[in-house]
Amino acid sequence: MNPLRCEVLVVGAGPAGGMAAKSCAEKGIDTILIEKKPEIGAPLRCAEGVSKKMFKEIGVEPKPEWIRADMKGAVIRSPDGTSFQLDESKAGAEVGYVLERHLFDKGISKLAAEAGARIYLRTWMTGPIKENGKIVGAHCVSMGEPLDIYCDCIVGADGVESQVGRWCGIDTNLKLGDIEPCIQYRMAGCECSMDFCEFILGRSVAPGGYLWIFPKGDGVANVGIGIGGTFAKDGVRPKQFLDKFIAEDPRFRKAQILEIDAGFDSTCPGLEDGYSTDNVLLVGDSARLIDPLTGGGIGHACVSGMYAGEVLAECKKKGDYSAEALKAYDRKIRDRMEDGLYRDWMAKEKLAELDDETINELVKIMSTADIEHVNVQNLLIAIKDKYPKLVEGFEDLI
Amino acid sequence: MIVNTNKCLHCGGCVGSCPKNAIFLCDTILTFNSDCNRCGRCVRLCPVGALSMEGAQ
Chain U
1 MNPLRCEVLV VGAGPAGGMA AKSCAEKGID TILIEKKPEI GAPLRCAEGV
51 SKKMFKEIGV EPKPEWIRAD MKGAVIRSPD GTSFQLDESK AGAEVGYVLE
101 RHLFDKGISK LAAEAGARIY LRTWMTGPIK ENGKIVGAHC VSMGEPLDIY
151 CDCIVGADGV ESQVGRWCGI DTNLKLGDIE PCIQYRMAGC ECSMDFCEFI
201 LGRSVAPGGY LWIFPKGDGV ANVGIGIGGT FAKDGVRPKQ FLDKFIAEDP
251 RFRKAQILEI DAGFDSTCPG LEDGYSTDNV LLVGDSARLI DPLTGGGIGH
301 ACVSGMYAGE VLAECKKKGD YSAEALKAYD RKIRDRMEDG LYRDWMAKEK
351 LAELDDETIN ELVKIMSTAD IEHVNVQNLL IAIKDKYPKL VEGFEDLI
Chain W
1001 MIVNTNKCLH CGGCVGSCPK NAIFLCDTIL TFNSDCNRCG RCVRLCPVGA
1051 LSMEGAQ
């Protein structure tokens, strides 16, 4: 096929790539968005939870069809059944929506298309095109045919797989302990609450991770689990913990699986050496921006995509897409996200060390603490008072 | 490397966790290139145990 030319090539049409393409195209940048799969937003690799305040931050009005369920709050449960309920009045904007990702992702890409981005499905990158050592585009395959796309900047939005960064010289390799293999069942006939997301902690339930129940309404829920990479091995796999939980919890005695989804979360505190290099930057999961404690990635994905457009518009004005110019993107990410990522990474590391008894104790502390506005920060403050060991080493971030 | 294609859910997690970037996923097809040094990380992490190594017990 004849080569294509654009200013910004976005690789991957998930929330991060879609937002990056939208944000670039809106600023008058000639943008191409490519997606490997034949459909944007499917198959699912996600629990679909997102905070309500994210939509304000990215300036996108959520469409009714994107939202499958509007949560009234969240429940945190320990292995002995002690639970702590966060109501919307207390949790505020931390509470969120459970999305219909295949519609949400398409919706964001639709906004990108309306802003002028060209979208190519069934098209994937196989490696960078280099001229005199400089990245000037991407070798791709489109509908089975080789296709070269020349551009000023590549935006890597290829998700947890994160190959674009590594092909282009950005180190996104993860330590074993910062990888969380996950599996999720979409189940029907669930007798759990349809108004509250539930998070179940404990080494016997989900070593190094947690188990989640995200309701989708009408007896349907995403029931899933992630476990810490250092715990995973033959005989200790997410699937067996999830199967055991479902078999033992009476709320799922009649439930049947409609869909099996799997995927990995990164649970690292961001990228040490930065998120960009000459003519390349990374957004969303590919930039390892998933929150290491909650596993939530959609919010950071959308925000980083928006930042990419803002910075690339400046680059276009100056005709400079060098690593130096793209450092403005790194600064935005660090200012907005890095303290939170580091705090939550430390909390994740500490939580992974705790046995069931200590988790039971912690959830009791949370449930009896008088917290006016519940969020991760305030929960850690409550824990800090009564169980300072947990926050040792990152007290200053709380 | 051996992929049990009847078990694999094509989630791509192994791709992102491979320290050598030696694994490739296109739809349902998982392939390994010669950069693979048989470190076994993907075998260990696969959520459903779909990967194994030739010659391993």
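Chains U and W, in that order, are what the protein sequence lines are.
In this text, residue positions in the first sequence follow the working numbering: the first is 1, and each later residue adds one.
In this text, residue positions in the second sequence follow the working numbering: the first is 1001, and each later residue adds one.
Backbone N, C-alpha and C fix where the C-beta goes; we use that ideal spot for every residue, glycine too.
None of the values given here were measured: they were computed from a predicted structure.
Locate the beta strand (DSSP E) running through residue i, then write down its first and last residues.
i, result
"Y120 (chain U)", "118-121"
"R77 (chain U)", "73-77"
"N222 (chain U)", "220-226"
"C140 (chain U)", "134-142"
"L86 (chain U)", "83-87"
"Y210 (chain U)", "210-217"
"I1029 (chain W)", "1029-1032"
"E324 (chain U)", "Taken as a continuous stretch (DSSP letters only), E324 (chain U) belongs to no beta strand (DSSP E), being part of the alpha helix (DSSP H) at 323-333."
"V280 (chain U)", "280-282"
"L312 (chain U)", "L312 (chain U) -> not in any beta strand (DSSP E); alpha helix (DSSP H) instead, spanning 298-318."
"L33 (chain U)", "31-35"
From which residue to which residue does the alpha helix (DSSP H) around residue i run?
i, result
"N360 (chain U)", "356-368"
"F245 (chain U)", "238-248"
"P15 (chain U)", "15-26"
"F55 (chain U)", "53-58"
"C1026 (chain W)", "Counting along the chain, C1026 (chain W) falls outside any alpha helix (DSSP H), though it belongs to the beta strand (DSSP E) covering 1023-1026."
"L390 (chain U)", "Taken as a continuous stretch (DSSP letters only), L390 (chain U) belongs to no alpha helix (DSSP H), as it is neither H nor E."
"E191 (chain U)", "Taken as a continuous stretch (DSSP letters only), E191 (chain U) belongs to no alpha helix (DSSP H), as it is neither H nor E."
"C1011 (chain W)", "Careful: C1011 (chain W) lies outside any alpha helix (DSSP H) and carries neither H nor E."
"V160 (chain U)", "From DSSP, V160 (chain U) is part of no alpha helix (DSSP H); its letter is neither H nor E."
With 8 Å as the threshold, decide whether the Cβ of residue i is near any Cβ in chain W.
i, result
"F241 (chain U)", "no"
"S162 (chain U)", "yes"
"L289 (chain U)", "no"
"C182 (chain U)", "yes"
"I179 (chain U)", "yes"
"P128 (chain U)", "no"
"N173 (chain U)", "yes"
"G229 (chain U)", "yes"
"A263 (chain U)", "Reading the sequence as shown, one finds Gly at residue 263 (chain U) and not Ala. Interface residue, yes."
"L176 (chain U)", "yes"
"R186 (chain U)", "no"
"P401 (chain U)", "In this structure chain U extends from 1 to 398, so residue 401 (chain U) is not present and cannot be described."
"D234 (chain U)", "yes"
"R68 (chain U)", "no"
"I257 (chain U)", "no"
"I135 (chain U)", "no"
"I260 (chain U)", "yes"
"R203 (chain U)", "no"
"R253 (chain U)", "no"
Under a CB-based cut-off of 8 Å, is residue i close to chain U?
i, result
"L1051 (chain W)", "no"
"V1003 (chain W)", "no"
"S1034 (chain W)", "no"
"L1045 (chain W)", "yes"
"R1041 (chain W)", "yes"
Tell me, please, which residues DSSP counts as bridged to residue i.
i, result
"K130 (chain U)", "U:I135"
"R5 (chain U)", "U:Y150"
"A69 (chain U)", "U:V98"
"R186 (chain U)", "U:N222, U:E259"
"C197 (chain U)", "U:A74"
"I381 (chain U)", "Partner(s): none; I381 (chain U) has no beta bridge."
"P181 (chain U)", "U:F264"
"G49 (chain U)", "U:V98"
"T277 (chain U)", "U:V280"
"K233 (chain U)", "U:V236"
"W124 (chain U)", "U:V141"
"I1002 (chain W)", "W:S1052"
On a CA-only basis, which of the options is nearest residue i? Give me that one, please.
i, options, result
"I183 (chain U)", "U:I260, U:K327, U:F214", "U:I260"
"G393 (chain U)", "U:C153, U:H300, U:W345", "U:W345"
"A308 (chain U)", "U:G297, U:D291, U:K327, U:Y210", "U:K327"
"R122 (chain U)", "U:V141, U:K110, U:G116", "U:V141"
"V363 (chain U)", "U:E349, U:L380, U:E372", "U:L380"
"W124 (chain U)", "U:S367, U:E161, U:D355, U:C46", "U:E161"
"S967 (chain W)", "W:N1021, W:H1010, W:V1003, W:L1051", "In this structure chain W extends from 1001 to 1057, so residue 967 (chain W) is not present and cannot be described."
"I119 (chain U)", "U:K318, U:R186, U:M19, U:G177", "U:M19"
"K332 (chain U)", "U:M306, U:G217, U:D356", "U:M306"
"A138 (chain U)", "U:D152, U:I129, U:E100, U:V236", "U:I129"
"F264 (chain U)", "U:A313, U:D396, U:G224, U:G169", "U:G224"
"M1 (chain U)", "U:E57, U:D148, U:V98, U:A255", "U:D148"
Point to revise | Residues in the region 303-327 of chain U having any Cβ partner in chain W nearer than 9 Å | key: none
Point to revise | Residues, ordered as in the chain, of the region 327-348 of chain U that lie near chain W by beta-carbon distance below 8 Å | key: none
Review point. Given a limit of 7 Å on CB to CB distance, which residues of the region 1002-1024 of chain W reach chain U?
Key: L1009, C1011, G1012, G1013, V1015, G1016, S1017, P1019, N1021
Check your understanding: Using a beta-carbon distance cut-off of less than 9 Å, what residues from the region 32-49 of chain U approach chain W?
Key -> K36, K37, P38, P43, R45
**Study point:** Contact residues within the region 101-114 of chain U, judged by C-beta distance below 9 Å to chain W
**Key:** none
**Study point:** Residues in the region 137-168 of chain U having any Cβ partner in chain W nearer than 8 Å
**Key:** G159, V160, E161, S162, Q163, R166, W167
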